Each structure stands twice: as structure tokens, then as C-alpha cells.
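Right, one structure below, let's go through it.
Numbering (the working numbering), first residue to last: 40 to 167.
Structure follows, in C-alpha cells:
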């Protein structure tokens, strides 16, 4: 089997996922996923699509991820893994779609406006 590639996005993070049948190793930007995502919550988020299809050890995953923060990168990678699994076997699609792993979370940070402290926060009002 050749490698299947898919793209995942979240906030400003973009993740390119390469999936192949193997021993279950997950490598992100040349490092092990446990080293790249040190918190256990992010590791669980990353493995959710594989756990949903009951095959956590059946696939090797290689990931290149850029942009955003650590949680955005984890969720972008989750989406990329889910898309690659759907491309590999269309029978996985209903289970992954039900969990929401195939839906792009379009929420982005609102830009700061001029004359404001942040996007919506105004500067403190002084009566005198």
C-alpha cells in the first residue's frame, strides 16, 4: 500500500498527514508525538480518530504541521488523520463524521480594531 496524504486545518495551524499501514508509530515534524505534544490531553486528541475505528496500532502516521499554537496543531492533525482514514476506507466515514472529526472548525481569532484595547474591549472611560 502506498502512503495516503490528507490535510487538516484548525485556527491558523495546517497539518499534512501521511498515513500507511504499519506498527502504530506517530511522528510529528521528525519527533515522536509524545515528545512533540507533552500533555496527555493533546495526545488523546491526536489519537481519537484511530480509537474511533478501533485500530490504534494498525497505522503509521507521519505529520508535518506548521502555524498556530499547540492545541490548534493537535486538532488540525486529528482532522488530517480522520480524512486520511476516510480516503483509505470509506466505511470509516460515518463513525468519524458522527464524532465531528471531519468538520472544519472555522472559528478564528477576531482581529484587533483601532481605537480599542483588543478586538472588542474598549479603553477605560474617564469622566474627569
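By construction, the Cβ of each residue, glycine as well, lies at the ideal position given by its N, Cα and C atoms.
From a predicted model like this one, the values you see are computed outputs, not experimental measurements.
Residue(s) in a DSSP beta bridge with residue i
{"i": "residue 101", "result": "57, 66"}
{"i": "residue 144", "result": "DSSP, once it has assigned bridges, lists no residue as partnering residue 144."}
{"i": "residue 49", "result": "52"}
{"i": "residue 43", "result": "58"}
Same chain only: Cβ atoms within 8 Å of residue i, ignoring 5 sequence neighbours per side
{"i": "residue 60", "result": "40, 97, 98, 99"}
{"i": "residue 122", "result": "45, 46, 47, 56, 141"}
For residue j and residue i, the rounded distance between their alpha carbons
{"i": "residue 31", "j": "residue 126", "result": "No answer is possible for residue 31: the residues shown for the chain start at 40 and end at 167."}
{"i": "residue 93", "j": "residue 153", "result": "50 Å"}
Cβ-Cβ separation, residue j to residue i (assumed contact under 8 Å), whole Å
{"i": "residue 62", "j": "residue 85", "result": "17 Å between Cβ atoms; not a contact."}
Open item on the list: If contact is defined by three or more beta carbon pairs under 8 Å, each pair taking one atom from either stretch, is the stretch 43-50 in contact with the stretch 105-123?
Closed with: In this structure the stretch 105-123 touches the stretch 43-50; the number of beta carbon pairs closer than 8 Å is three or more.
Open item on the list: Contact between the stretch 130-150 and the stretch 80-92 is defined here as three or more beta-carbon pairs at a separation below 8 Å; is this criterion met?
Closed with: The stretch 130-150 makes contact with the stretch 80-92; the number of CB pairs closer than 8 Å reaches 3 or more.
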